[in-house]
Structures are given as C-alpha cells and as structure tokens.
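Chains as they are written, first to last, in UniProt numbering: chain A, 1 to 618; chain B, 1 to 590.
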C-alpha cells in the first residue's frame, strides 16, 4: 500500500524529474555546494573540542586566539558555500516555476471551447497560482533541504562515531522513533488535511452560489438562513481543523522532546565517560554540538515531508489540467501538434483557389460574381449542445460577392451558427464545405485566418487600443489601421483620447461605452483583410444614424467577399442578398427583403413589430 | 453603466506599519483574550524551560563532570528530564491553542463578512464581480490566518527568549555577557538591511504576480476571441513577459535570502569565537568554570535562531496587513439602509400606489414620473417594448434601490419607512430567469420558509407542480437539482419558481415575464393553475399573453420609462390607440 503510494508520488512528479534531467549540470553543481556546506558545518565543533581540551591542560593566549580566528574563517567559508547552494538551487526552482507557468498557460490557450464552457475559471486560476507555488516548493527548497539534511546527518554521525561509537549508538536510539512517527503521523495529517480542504471548497461553493443567487435570497428574505448555513459549514471546517491541529501541532514539540532525550543521554552517559576518562571534556561538548546539527535535519525532515505531500496533491491537479486534450473533435484528421500544421495539401488547395480568384482576399479583384467553386456550403447541419437540440437541418450556400443575413427571435440559434462556422464546436450531422473541401480538412488556424469576426459581446482586452485592434497580426500597418477605424466610424473619437490609439483600455474595455466597444471590435475584424466577415449582432448598441454611416463605408471596404450578418433589427439586414429567418433552430423562411415581406410570415411580423415599436416610442 | 469596482495596484504595495488596521484586527482577537493569555503563559513556560537547559548542563559539568563526582548525578538527570517534559507539554498546548484560536478568529471574520455581504445593496453586486468577493471570503482570510498560526505569538515568544538569554548570560558572567552584547548592533544592522531590500523586491513580486493573475483571468474570459483571431502566440508572448518579470523579481529576492542566513551565522560564529577567546582567558585565570563556558556557548547558539525567525515572519505580517485591508474595504461598504425601518403588518391583499416616481440607475432616467394605483385583490398588467422600464418598477417595489424620487406605498405606508425584509415577505415574485440553488427540490421549494412544514407545501406541489412534473423529479422531494438548475428545462425551472413563490402565501404576487420562455404546453399548465390564485391576490404582471393581460383590472402601457396609456383592455382597445397596435403585434393571442 505505502509502496504503491510512493510510486504514484514519483509518477506525479515526472515534470520535476524531467526538468532536473534537462538541467543536470546545474543540479549537480548545486548539490556539490550542499555537500561542501554540510562538510564545513562539522568543522567548527571540532575546533571547539580541541580548544576546550587544550584549555583543560595548558594553552597560550596566542593559540586560543588562533582557534577563535579559525572558527570565524571556517564559518565564513561555510557561508560562501551556503550562499552558492541557495543561489543555485532556489534560483533553478524559480526557473522551473517560470516554465511551469508558461507550460500551463500555453496549454490553456489551445484548449477547446468545451473546456471553458465548464466554467472552471476559478479552479484554473488557483492551479496556476497556488498549485504551482506548492510544486516549486518541492522542486527547490524541499530538494535542497533534503540533500542538506542527509549530508549533514551522515557527517555528524561520522564525527560522533569518531568520538565514541558506543555513546553514538546510545544517543541515536530516540531517532528512529522520529522516522517511524513521521510516517505514521504523515498519513493521518494527509487524511485530515484533505478533509479540511474539502470543507474549504464546500465553503467556496456556498459563497459562490449565495452571490449568484443574491436576488432570490433578498426577495425571499433568506439572509439569516443563509448566514446560518454558512456558519454550519464553517463550524464543520473548524471541527476538521481541530482534528488536524491536534496531530499537526504535536509534531514539532514531539521532535524537540526526542532530541532532548538524546541530549539527556549525552549528559548522563557522556558525563560518566568524561569522569571515567573515556572521552575528554572537549569531546563531550563537541558531541552535544553534533547532536544539535542532527536535530535540525530531524525537524526539517517533517517539514520536507509535509511540503512534498502538499506538492504531490498540487502536481496531480496540474497534471490533470495539462492532460486535458487540446485535440479537438472537429479536427478529424489531426492531433494536438497537428493543429497548426494541418494537412499541407489542403492548405494549398484553399489558398491557391482563393489566390487565383481573389488575390489578397480582395473583393475588387473578383473574376466572376457567381464562382461557385469557392463558395461556403452548409448542408443539413444538426447541432445539439449537452443533448439539447439547437440547430436542426440547416442548409444554405453563400457565393463570393454575397451578403447573407440571419434573423429570428432570441435564442433561435443565430450565434450558434456562427460558432459552428468558426469551428468552436463540432456539429453532429451534416457537412460544411468551403471550396468543396470539408471544413474539418482545413487546418483550424488557416481557416480562422480567413475570417473577420465581430462577436455579440465586444470583448476587448485591458491593453492599448492599438494592440486590441491588431490582435493576432504580426505586422502593424498604421495607415491601414486608421482606414479601418474610419470605416468603423470610431476614428475621430479615438483621436480625441489623450494617447489616441496608444490609450490603454480598462479591464474588458470597461472605460468605453458599449457602442464604442462594438465599433472597435468591427475595426479589429476589418484589420485582418479577411475573406469572410462574420457580424454577430454587431450594431445592438450603436445608434441608427452611425449604423447607417457604417454600412455606407463597409460597402466600399475592399475585402471580405463573403459577408454574413445576424441581427434582429430589420433595417440592419434589409439590404442583404439573402435573408434567413431562423426559428427554433431551423430555417423558417428564406429570401430577400421584399419576397419575405410578401410571404407575410415570421419576417413580416418582425418587421411590423419594429415599425410599431417605432410609432409607440414617438 | 455603473462604475466598476476596480482594484488599485497600490493595494498590493505594502505599508509598513498600519496601526489602524492592526487595531481593527485586534478587535477580532479580543473575545479570545483569555485563551490567548493562557497560551502566552504556556509559551513563556516553554521558553523558560528551554532557557534552563544550558544552565542545567553547566551545573552538571561544574558540580559533577569536572570534579569527577558521580554521586547524586541522577538529580541533574531528573531535573533535565523534567525541563524537557515541561517544554513538551507547554509548547504543544501553546501551539494547539493558538492555532485553534486563529481558526475561531477566522470563523468570526468569515461569518462577519458573509453576514455583511448579505445586507449590502443590490448596487454593490452590480459592480463587483463574484470572483472578487469570493477571494475576500476565502483566500484573504486564509492569509490572515497565517498571522495567527505562524506569527503574532511566536514573535512574542522569540522576543522573550532573546531577553531571557541576555538575562541568563548576565547572571552567569557579566563580563562575557557584555562582550556578546557588543555583537548586537551588528545583528540589528544586518536584519535592517535585509528587511529593507527584501520588502522592495517583495513588493515587486506581488506587483507582477497580480498583473500576471489579472492577465490570466482576462485570457480565460476572452479565450474564444484569442483563438478565433489566431492570437495564441501573441498572448503567450505577453504572458511570458509578465511571467519573466515575476521570475526576475523572485530571483532578485533570492540573493538577499541567500546572503542573509550565512551573514547571521557568521555573526554567531564571531560571538562563539569571542566567547571562546575571552572565556578561555578567564578559565586560564581561574575566574570562570568550564560549565560557564559551555553554557555560554549553548546560549549563544540559541540566541541567533529567534533573530532569523523574526526577520522571516516579517513578510507574513505584512501580507496579512494587505489582506485585511482588502477585507476591511468590503466591510466598510455601507449596508443597505433599506433593511432598517418599520415592520409592515398587514394580513390582507394590500393596496399599492406609485406617485410621481422617477428613477435613474446612474445618470439616464429610466422611469419618468410614474403614477398608478393597484387596489386590493386587483390585477395590473404592465406592457410595453423591452427597455421601457417594466422590470425597474418591480425592482423599486422590491426595495432594491432607494434613490428614486416620488413615493411608493403599500396600504398607505411609504415603503421608504418600511424594512426591506418585511416588504419582501408579503411579496411573491417569479422572475423570467429564476435562480435555483443546487440543492434538493425540497430545499428550493422551502426557500422562503424557516422550517419544513408539510402544509401548505403538499397542496402547492399538488396544485402547481402536479403529478406529471413530479414524475420528472422522480416523485422525490429530495431530487437533486444541478447547479443553477441546469438539468431542468426552462419550463420545469419556472414551475419550481412558481411553487416557491406561492408557498410563502404572498399577499402581493409579481410575475416578471414569468412565462415568456416556456414551451406552450407547460405554459398552459401554469396558466390554468394561476388564474385561481390571481383572483384572490393583488398582483403585478409583466406578460405577453393576451389572456393574462385581458383579464387585468387595469393595463399600464409603458414606453421609454413613461406611462403612455392606462385603462382596461376594453377601453384601450376601443380607442384604437397604441395599445391596440401593440396587442395586434406583440401579444400572443393563444
């Protein structure tokens, strides 16, 4: 059982051993300094021993001064070694921490949407902060102290044996008790520690839910009850802590007691040996010093065990995260590392075809209006999320030069359709092809590089406006950026800011109004010179006048031959070549503005509603 | 939009001595003074025990070992053993009591902050992200706990041991003791320099750590944009920069730690050398005994440990101060005044009146001069396009906000003078998107109750939920509802919300688009049950269904925060007014 447990600990720590292997030289140098420093620590007590023995017989003041100076010099050298060992090994653990941070973050960046939908933000955050910290403690301090402990213990025991083997054996009798009790106590501590952690997370869950449902709590006047329930969890937290503490706080005093018993043995037996002239008084004093050198390792050992156990739990949690598959289901032909490579052949077909007909994704260079060879074709697509059907049998086709609009009631599946085109999720049935190639066969990043996307909520980062707009672009083209800002009708407002495009936005772009954020997010999409422009309800917070201007400017935007817009506002979509009306996940109506009006169906009633809303507001 | 609760980076800078915060922290420790004093007593006992050990060794050497007398030596052994046992018991008791007391203090703080949060105004929750509050209640309090488990008392203990050693040394030999004293300024200088430099790098570490964390948080919430814009590499590079700064700050602080401990040890070695040299001379001269020399060496060994300990604990104290500052920031948020006020004592369906009510969430008015009355047992329907202010009227009636002008009254009592709880107690509300707790069905239904009574819940389950839906819940009251009721359909969740609202036997029923997103079948079911309830209650209904609206005693039509039409269905339809248009296009006639 315990062997199995040890094995799993080592397996979990494989990232650390891998790192050590990569930095073998540094680890060895660091360990060498640990060895040197431990060996120096046993010199001073020996000098003391000689000095005291000499004092007992006869000694000149000069000689006494020499011994005193020697103690200082030896400690200084010892200090240099200690400095080196700490500097080398702890610094290395900081580099390990740095690499682990990067590794986790890098992994996170390539996880599929479905992972983030689970809403583990808090957990991921705590993994990258608390857990990495706990693991670094193992990789650095715990490793260093473990070596130090072992070396110092070995050297001290050697010196003690040199003074008197029998006394050494007698003195060391209490020490195995320490090791045994560490093993026994450690298990119990781990058990209670897990219990404490569990209750703690129960407390977090309670708080989280309380805060999310605070409206209900207030309405049902439930505040006191909530407080009571929170108190209850807290009480059981304390109960578990009580059990943990009763053992945990016993450890240190217990070790001190055992060490004390050893010194007692030295005093008793050693004292008798001095009287019987078996050892000198100096040896007696030195023996005490060596025992104290041993005492520190014994205490440190408990501390190390504790750190390693916490570290193992943390390492396990991190490994779970890094084991999350970045491999996305909808990339049928590729695994993790292939995500960027994709299949070379298809990349060429897609890009060659586009280059042939639309050099640089430009609309103006289009050859024939209805070149069907590079159209986007969605046929009989079904999608359900967590077994809730969302889209049902969706089919349509867009040719270059066309604008398609999607409309329909809230939650009818409009945004989901965009997300499928963006390949955030895999659909269960049907197929989407571009230039006759199934989307799954096009490497994801290549595919996304063709799309300019304006999401429903204009998410901006707390970075400069410039960096926000150039998101994902490697070369910043300032002139072109100004052009895009102009098209998005936000250039003037930005130029009025104190640092224009260099202005730093607040968290989630909080310093801007909703309309400004939406226009910036439009500019961001235009910056990519995309082949597709996907606009998901992009004008919801922009007034009609500005929207009108925006449409005018967009019509002269030279890129994005295929445009798809979703909106509930009829005036935003009435000019589209084709309008799809989606209701309950299916296409209910299809046509252009006038044909749809003639149908007197869903589109017609939407149109009427908006007319009347206008009248009511006036 | 309301201004967000932004965290200043200054918050992470450590202030050296902030007495007001320590004083506030002390308030939490005060109820446990007795326990703390007791454990301080045990701490001192343990310290005295520790101090006695070198002295007992001295006695052993001088009286027995050097003189070669072994008779009665067991006295010394017994004394030593007794000291060891005293140390063991006292230090165990001490550390257990202190740490447990720390837990109790954390308990008080946690419950206190949780209680405080319950009574904060709705406004606070609109501008403070849940995650931020979570950190305060959990992590920050845990940091303060460190102050108790590793800090405060041990600091007192360390100081006591230092003083004790000095006294013991002077008692043994004042000449040697004053030589050791000469070393003290060197120690203070070293730890002062260390503290100063470490604090500087420590600030940098915290600064970059918090930058890294907020970048991470933002990356996670904006992950889809990052991935769609192929910005993974770009973002990774930015993270790498922050991570690198953080690493560098840490590496810089290693230097100080790496040099501090050897420096203290060197100073200790100088002390040992001085003791050996001057002590040795005195032994040659026959002024002191070997026992005194050995005791001095042992005392000086114990002297330097507390000093490096003290320096290390410095950071724990500082971070605890920062954490408490952030906790106190929330505790200083004023509680919702609306909880204070008279009790509303009514037994019958009340009369509700709005008089000239205007309201703005921040600057823009969302309600303009709203006046209407709902008589007892009347049903009023609020209609109008989205954003016209219907829900805001409900929010005001529920006393979620108080900065409105005009008067809202229940049975003639101005609700400003009534306590929020007593107003809410007479109201049953069903929201469009009800929040269900991840507990059992039973606990969700009894949300408004203080205890589980079978009546009227049985009747409500029968009347509102019905057998068919109870089957869906496996006929079990302890059916576990997933987090936020995710396992259930909108209709099923809405049913629970209805039952929950009606179970408190409300005198006023508010339905805020309660049936808007329910499938027709469930809606029909709810509708049938509802009509009988509505007849005997005052109710305020925001709805889109003609049958619900038509039977209302009065219909209030809102647009852009203003009442534009007001009257019964027949009257408004006759006028062929805006309501007429609205009905024809917006209202579901089924």
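Think of the CB as a built atom: it goes at the ideal place given N, C-alpha and C, for glycine as much as any other residue.
query, result
"Spatial neighbours of residue 572 (chain A) in its chain, beta-carbon cut-off 6 Å, leaving aside the 5 residues before and after", "539"
"Whole-number beta carbon distance between residue 159 (chain A) and residue 311 (chain A), since they are thought to touch under 8 Å", "The Cβ separation is near 33 Å, so there is no contact."
"Spatial distance of residue 354 (chain B) from residue 344 (chain B) (CA atoms)", "17 Å"
"Selection from B:31, B:264, B:407, B:527 that minimises the alpha carbon distance to residue 594 (chain B)", "There is simply no residue 594 (chain B) to check, as chain B begins at 1 and stops at 590 in what is shown."
"Exposure of residue 103 (chain B), with buried meaning 16 or more beta-carbon neighbours within 10 Å", "buried"
"C-beta neighbour in chain D for residue 203 (chain A), strict 8 Å", "Absence of chain D from the displayed structure is noted, the protein chains being A and B."
"Interfacial residues, the region 266-285 of chain A to chain B, with Cβ spacing under 8 Å", "267, 268, 271, 272, 274, 275, 281, 284, 285"
"Exposure of residue 591 (chain B), with buried meaning 16 or more beta-carbon neighbours within 10 Å", "Past the boundaries of the shown model lies residue 591 (chain B); chain B is included only from 1 to 590, so the question cannot be answered."
"Nearest to residue 279 (chain B) (by Cα), restricted to the options B:266, B:313, B:296", "B:296"
"For residue 557 (chain B), the first and last residue of its enclosing beta strand (DSSP E)", "554-559"
"Beta-carbon spacing of residue 180 (chain A), residue 302 (chain A) below 8 Å", "no"
"Boundaries of the alpha helix (DSSP H) in which residue 430 (chain A) is found, first to last residue", "Here residue 430 (chain A) belongs to no alpha helix (DSSP H); instead the beta strand (DSSP E) covers 429-434."
"Chain B contact for residue 214 (chain A) (CB, 8 Å cutoff)", "yes"
"For residue 443 (chain A) and residue 343 (chain A), the rounded distance between their alpha carbons", "Because the pLDDT of residue 343 (chain A) is 44, which lies under 50, any placement of that residue in the model is unreliable, and the question is left without a value."
"For residue 533 (chain A): DSSP bridge partner residues", "A:452, A:563"
"Which listed residue (B:51, B:97, B:100, B:113) has its alpha carbon closest to that of residue 86 (chain B)", "B:51"
"Chain A contact for residue 130 (chain B) (CB, 8 Å cutoff)", "yes"
"Beta-carbon gap between residue 163 (chain B) and residue 71 (chain A) smaller than 8 Å", "no"
"Any C-beta of chain A under 8 Å from that of residue 582 (chain B)", "yes"
"Residue range of the unbroken alpha helix (DSSP H) whose run includes residue 172 (chain A)", "165-172"
"Residues bridged to residue 589 (chain A) [DSSP beta-bridge criterion]", "A:581"
"Of the residues B:113, B:308, B:210, the one placed nearest residue 195 (chain B), counting alpha carbons only", "B:308"
"First and last residue of the uninterrupted alpha helix (DSSP H) at residue 422 (chain A)", "That residue, residue 422 (chain A), is in no alpha helix (DSSP H); it is neither H nor E in DSSP."
"is_contact[residue 95 (chain A), chain B] using C-beta, thresh 8 Å", "yes"
"With 16 other Cβ atoms within 10 Å as the buried cut-off, status of residue 495 (chain A)", "exposed"
"CB contact flag (residue 620 (chain A), residue 100 (chain B), <8 Å)", "The shown model of chain A, from 1 to 618, leaves out residue 620 (chain A), and the question about it has no answer."
"Interface flag, residue 424 (chain A) vs chain B, CB-CB below 8 Å", "yes"
"Distance between residue 113 (chain A) and residue 328 (chain A) (C-alpha atoms, nearest Å)", "With a pLDDT of only 49 at residue 328 (chain A), under the threshold of 50, the placement of this residue in the model should not be trusted; the figure read from the coordinates follows. Roughly 9 Å separates the two Cα atoms."
"Straight-line Cα distance separating residue 524 (chain A) from residue 456 (chain A)", "14 Å"
"Same chain, Cβ closer than 6 Å to residue 49 (chain B), neighbours up to 5 away in sequence not counted", "83, 86, 87"
"Residue 592 (chain B) in three-state terms, based on DSSP", "It is not possible to answer for residue 592 (chain B), since the shown part of chain B is limited to 1 through 590."
"First through last residue of the alpha helix (DSSP H) which encompasses residue 277 (chain B)", "232-285"
"Chain B within 8 Å of residue 311 (chain A), Cβ atoms only", "no"
"From B:281, B:341, B:581, residue whose alpha carbon lies closest to that of residue 67 (chain A)", "B:281"
"Secondary structure of residue 506 (chain B), DSSP reduced to three states", "coil"
"Distance between residue 95 (chain A) and residue 16 (chain A) (C-alpha atoms, nearest Å)", "12 Å"
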